[in-house]
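Have a look at the structure below, then the notes.
Numbering (full-length UniProt numbering), first residue to last: 1 to 683.
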């Protein structure tokens with residue numbers, strides 16, 4: 001598993017912001033809960049990625065820890081792995097800090113939501129959601145603390161190993177024993193066992209988490225099934241409501257059509273009523289005209305009695321023939337004549353007296369009456385015609401009265417029927433108005449129900465989408481858990497194989513330890529025998545030192561004697577100075593030998609565990625022979641001593657280097673087999 005995948009899964013998914021105090025103060029409880037749900041889902045996903053990253057770090061720590069304890073196995077690849085381990089550890093630390101901050105902000109949001117619950121209408125679902133979120137936060141805090149503990153164990157498992165490595169190396173260089181290696185192997189075994197225990201515990205925890213995730217997935221499936229059933233029932237209820245609304249719309253349309261038909265029938269009835277009223281007015285006007293004509297005829301009959309029937313007939317004829325102004329003038333003249341006749345009847349004497357005049361007047365009147373006779377005859381004919389017409393008019397009047405009575409009856413019946421129909425129509429209109437109002441109210445209620453259902457449907461759709469998202473997240477978590485379980489099973493199999501292999505290695509290492517202990521006993525015996533030989537050599541060196549000291553004393557005495565001789569013999573000053581330098585040259589290698597012997601005597605206790613070889617004895621003999629040769633050459637010249645002094649220094653240094661190399665070789669020769677086992681075990 002690569003570190004980049006964890007970074008891609010864990011560090012580039014943050015699209016949310018932590019809610020501030022101002023946003024929490026202004027938002028409602030449902031908004032806060034929605035935001036808290038999103039943040040909890042984000043934190044849980046991030047926590048799962050961190051757990052995977054911690055598992056990867058544990059695997060790398062198990063690979064790096066045994067290699068860091070061996071200084072010889074350190075390479076560039078190991079340094080690169082250690083650097084990657086440090087980077088991943090720093091990433092885990094920073095991400096755990098961010099998760100702790102996120103959990104603290106979620107707790108603040110939950111506290112603000114709980115403080116706002118008494119202000120609004122308290123609901124059980126709201127409190128249940130708050131309790132579930134607090135429980136999930138507690139679980140997240142426990143997981144974060146577990147990650148902290150594991151990271152602390154990683155840090156402890158790396159740092160003390162380096163200290164133990166340094167102390168083990170120092171002990172190996174100082175003592176040269178196998179105890180440090182055995183302790184390191186025991187610590188390796190303990191660390192491996194601890195890592196195995198941790199891996200088994202983490203595997204059990206992951207199995208429990210997987211079981212919990214499976215149970216949560218089943219719960220989510222059940223919730224989704226219930227939500228689908230509720231949505232199905234809601235769809236059915238919505239379909240029923242749509243059917244009812246459609247039926248109500250059809251009924252309203254039918255009522256509207258019936259009301260329109262009733263309105264049209266009312267309009268036709270009103271039109272027929274107006275037509276009948278108009279006809280009634282016309283008939284009334286005709287009756288009045290006929291009555292007027294009858295009255296006129298009666299008046300004419302009364303005015304012209306007896307003899308004046310002709311005049312009446314003539315007047316009637318003239319009424320029909322002449323125009324109204326001529327008829328009036330004639331009527332006035334007739335009235336004047338009638339008055340004159342009456343006057344003539346009332347004054348007979350005056351008439352007798354004035355008979356001549358009257359005859360003249362009568363002649364004139366006769367002349368004037370002749371045309372009037374024709375007119376009167378015409379008027380009689382007209383009167384007869386008028387009488388016939390009046391009879392016809394009376395017959396018609398009787399017919400008209402009968403028809404009027406019939407029409408009045410019909411009018412009354414029509415009025416009564418119209419009033420009844422109008423009442424029925426009014427009642428029907430009122431009923432239709434009430435039905436329309438009820439239909440409108442039902443339509444408004446249906447529209448409101450549709451709005452409520454649409455809002456509930458939208459809420460259910462949002463809930464279904466949220467549940468689908470949660471289900472997808474749960475599926476992704478389950479897939480991640482399955483992948484983790486597969487990885488854990490693979491790692492468990494690998495660890496079981498490694499454990500079996502390590503058990504075999506432990507058995508082989510125990511056998512090698514037993515062999516190493518036996519070798520240590522043998523080497524201890526060899527060391528005891530060699531220490532005895534070394535002590536003998538030291539005692540010999542001490543005796544040689546005493547002898548050399550005695551030679552030095554004798555040489556100093558000779559030097560003093562020679563100095564006295566030089567003072568006495570001024571001519572041999574040059575030779576004396578040469579002898580003095582020669583004696584000093586002889587003294588210098590002696591001092592060097594003393595220092596070498598002192599160094600050998602001081603270094604021998606420290607190197608008590610080394611083996612002495614025959615080469616050392618040969619070297620000691622060579623030193624003694626060189627000392628003898630230096631003692632024998634004291635009486636030589638200065639030119640022959642100086643090159644011997646330089647050669648002696650180089651030889652002594654070379655001998656010391658050889659001794660150190662032999663000691664180091666003897667130290668590491670006994671540890672060869674253990675190192676081979678360790679290289680096999682770690683490589």
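Glycine included, C-beta positions come from ideal geometry on N, C-alpha and C.
Is there contact between the region 87–101 and the region 52–68, where contact requires at least three CB pairs shorter than 8 Å? yes
Just mark residue 524 as buried or exposed, buried being the case when its beta carbon has 16 or more other beta carbons within 10 Å. By 1-based counting over the chain shown, the position of residue 524 is 524. Residue 524 comes out exposed.
If the criterion is Cβ atoms closer than 8 Å, does the pair residue 43 and residue 102 meet it? As a position in the chain shown, residue 43 is number 43, starting the count at 1. As a position in the chain shown, residue 102 is number 102, starting the count at 1. A contact, by the Cβ cut-off of 8 Å.
Taking 8 Å as the cut-off, decide whether the C-beta atoms of residue 464 and residue 231 are in contact. Taking the chain shown and counting its residues from 1, one reaches residue 464 at position 464. Taking the chain shown and counting its residues from 1, one reaches residue 231 at position 231. Going by C-beta atoms, residue 464 is nearer than 8 Å to residue 231.
Is the CB-CB distance between residue 35 and residue 152 below 8 Å? Counting from 1 along the chain shown, the entry for residue 35 is found at position 35. Counting from 1 along the chain shown, the entry for residue 152 is found at position 152. No, Cβ-Cβ distance for residue 35 and residue 152 is not below 8 Å.
Exposure of residue 154, with buried meaning 16 or more beta-carbon neighbours within 10 Å: The residue you call residue 154 lines up with position 154 of the chain shown. Under this definition residue 154 is a buried residue.
Taking C-beta to C-beta, are residue 50 and residue 147 nearer than 8 Å? Counting from 1 along the chain shown, the entry for residue 50 is found at position 50. Counting from 1 along the chain shown, the entry for residue 147 is found at position 147. In contact: residue 50 and residue 147 (Cβ atoms closer than 8 Å).
Rounded C-beta distance between residue 111 and residue 32? I'm assuming under 8 Å. The sequence position of residue 111 within the chain shown is 111, counting from 1. The sequence position of residue 32 within the chain shown is 32, counting from 1. Actually they do not touch by this definition, with Cβ atoms about 10 Å apart.
Consult DSSP for residue 569 and reduce its assignment to one of helix, strand or coil. On the chain shown, residue 569 is found 569 positions in, with the first residue counted as 1. Three-state DSSP puts residue 569 in coil, outside helix and strand.
Distance, residue 478 Cα to residue 234 Cα: Working through the chain shown from its first residue, we reach residue 234 at position 234. Working through the chain shown from its first residue, we reach residue 478 at position 478. Spanning the two alpha carbons is a distance of roughly 31 Å.
Just to confirm, is the Cβ distance from residue 81 to residue 106 under 8 Å? Mapped onto the chain shown, residue 81 falls at position 81. Mapped onto the chain shown, residue 106 falls at position 106. Not in contact: residue 81 and residue 106 (Cβ atoms no closer than 8 Å).
Would you be able to state if there are at least three C-beta pairs under 8 Å between the region 216–230 and the region 465–475? yes
Contact check, residue 77 vs residue 144, beta carbons under 8 Å: As a first step, residue 77 is located in the chain shown; it is residue number 77 there, counting from the start. As a first step, residue 144 is located in the chain shown; it is residue number 144 there, counting from the start. For residue 77 and residue 144, no; Cβs fall outside 8 Å.
Check each candidate in 130, 136 and 84 and name the one with the smallest Cα separation from residue 30. As a first step, residue 30 must be located in the chain shown, where it is residue number 30. Of 130, 136 and 84, the residue nearest in Cα terms is 130.
Who are the Cβ neighbours of residue 116 in its own chain at under 6 Å, not counting the five residues just before and after it? Counted from its first residue, the chain shown places residue 116 at position 116. Answer for residue 116: 29, listed in chain order.
Alpha carbons only, please: which of 239, 210 and 142 is nearest the one belonging to residue 475? Position 475 of the chain shown, counting from 1, holds the residue named residue 475. The shortest Cα separation from residue 475 among 239, 210 and 142 belongs to 210.
When we look at the beta-carbon of residue 285 and count the other beta-carbons within 10 Å, is it buried (16 or more) or exposed? The sequence position of residue 285 within the chain shown is 285, counting from 1. Counting Cβ neighbours within 10 Å, residue 285 comes out exposed, since fewer than 16 surround it.
To the nearest angstrom, how far is the alpha carbon of residue 219 from that of residue 45? Residue numbering aside, residue 219 sits at position 219 when the chain shown is read from its first letter. Residue numbering aside, residue 45 sits at position 45 when the chain shown is read from its first letter. The alpha-carbon atoms of residue 219 and residue 45 are separated by roughly 19 Å.
In angstroms, rounded to a whole number, what distance separates the CA positions of residue 292 and residue 395? As a working mapping, residue 292 is identified with position 292 in the chain shown. As a working mapping, residue 395 is identified with position 395 in the chain shown. So the alpha carbons of these two residues sit roughly 16 Å apart.
According to DSSP, is residue 663 part of a helix, a strand, or is it coil? In the chain shown, the residue the question calls residue 663 occupies position 663. In this structure, residue 663 counts as helix in the three-state DSSP scheme.
Would you mind working out which of 294, 133 and 265 sits nearest residue 37, comparing C-alpha positions? The residue labelled residue 37 in the question sits at position 37 within the chain shown. Nearest option by C-alpha distance: 133.
Straight-line CA distance for residue 541 to residue 552? Walking along the chain shown from the start, residue 541 turns up at place 541. Walking along the chain shown from the start, residue 552 turns up at place 552. Straight-line Cα distance between these residues: approximately 16 Å.
Presumed contact (8 Å Cβ cut-off) between residue 40 and residue 136, rounded CB distance: As a working note, residue 40 is residue 40 in the chain shown. As a working note, residue 136 is residue 136 in the chain shown. With a beta-carbon spacing of about 6 Å, residue 40 and residue 136 fall inside the 8 Å limit used to define contacts.
Sequence-distant residues of its chain with Cβ nearer than 8 Å to residue 213 (five each side left out): As a first step, residue 213 must be located in the chain shown, where it is residue number 213. Around residue 213: 474, 477, 478 and 481.
Out of 452, 430, 141 and 522, state which residue places its alpha-carbon closest to the alpha-carbon of residue 237. On the chain shown, residue 237 is found 237 positions in, with the first residue counted as 1. Distance from the Cα of residue 237 is smallest, within the candidate group 452, 430, 141 and 522, for 452.
Classification of residue 691 by the beta-carbon crowding that lies within 10 angstroms, buried from 16 upward: Here the chain has residues from 1 to 683 only, and residue 691 is not among them.
Pull up the distance between the alpha-carbon of residue 140 and that of residue 204, whole angstroms please. For the purposes of this step, residue 140 is taken as residue 140 along the chain shown, with counting starting at 1. For the purposes of this step, residue 204 is taken as residue 204 along the chain shown, with counting starting at 1. Each residue's alpha carbon lies about 18 Å from the other.
Going by alpha carbons, who is nearest to residue 290 out of 445, 391, 490 and 658? Along the chain shown, read from residue 1 onward, the residue named residue 290 stands at position 290. Nearest of 445, 391, 490 and 658 to residue 290, Cα basis: 391.
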